[in-house]
Amino acid sequence: MTLTYGSNPYCLLGISLTVRTSDTIELPQKRSRRILPPLHAHGKFYMVCMAGYILALDPGPMSLFCIKLPAGMEYEDRGDFALCRAEGAGFFLIHLNMSRIYVWAHSTGCRIGGWKLVDSICVHQVFAYPVDPISFRLPLNSEVRVDAAGDNADFVILEIEQKLFCLHIWSRTVEKVFELPTCPKGFEVHSFMMVWPPTFPKWSDGQDTIVG
């Protein structure tokens, strides 16, 4: 299977924009039916779309390339994988296998460079004590899914029994953050980090202007 990436020509304010197309590459495997949303990190795009590889695009030179997943790992379902940005360069791969979460770091985000396993967490161990504020305990046969991950692999959002939990990787603490409807229709979770509490500008008295 071959793949070429290109941008469609269009005109903006009467100015014609140049069309750029990448070289065609031979994909090592067929495309998976279930594809993870792409990750944008340090000027490159990464997408888990094959069983054993991550497809990457560097828009600068319009270069497509593949990064092989860690040895013995295969992508099967969106609930088992998550990608997130790493500070400085590269990215993290979160892999849920059975009841254990593996955190892998790829320091370069390029063809060169390898994977490093930086952490491993037993899901049942972090749920060994009741989770506030609902005193939730994880049943042994519960289905666990990874819905999202924060930058630098600081946390992952887990979906368990119609509930969303935030697991802080490095502190091993977990908290419930959302309760899903009984029959949820299609939804996605996107992590977003901000200063808390937020500071909003104030309206001046009697004027339609913002102060500060």
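Numbering-wise, the sequence shown is residues -13 to 198 according to my numbering. We put the beta carbon where it would ideally sit given N, CA and C, even for glycine.
Going by beta carbons, S157 and I146 fall outside the 9 Å limit. The beta carbon of K30 lies closer than 7 Å to those of A42, L43, D44, G95 in the same chain, with the five residues before and after it left out.
Between the region 13 to 28 and the region 45 to 64 there are three or more inter-stretch CB-CB distances shorter than 8 Å, so the stretches are counted as touching. Excluding sequence positions up to five before and after E161, its CB lies within less than 6 Å of the CB of C152, all in the same chain and listed in chain order. One Cα belongs to M36, the other to V89, and the distance between them is close to 19 Å. For V109, the enclosing alpha helix (DSSP H) starts and ends at 109 to 112. Assigned with DSSP and collapsed to three states, N83 falls in strand.
Scanning its chain for C-beta atoms nearer than 8 Å, with the 5 sequence neighbours on each side dropped, one finds around N138 the residues C70, R71, A72, E73, F78, in chain order. Nearest Cα to S177 within the set P183, S106, I143: I143.
Closest option to I155, judged by alpha-carbon separation, among P14, V109, G58: V109.
Residue state for R17 is assigned as coil, using DSSP reduced to three classes.
Annotation for F31: the continuous beta strand (DSSP E) segment containing it runs 30 to 34. With a cutoff of 9 Å on beta-carbon distance, L124 and V132 are scored as not near each other. Counting C-beta atoms within 10 angstroms of its own C-beta, V181 has fewer than 16 neighbours from the protein chains shown and is therefore classed as exposed.
Here DSSP, grouped into helix, strand and coil, assigns A75 to coil. Around the CB of V104, fewer than 16 other CB atoms lie within 10 Å, so the residue is classed as exposed.
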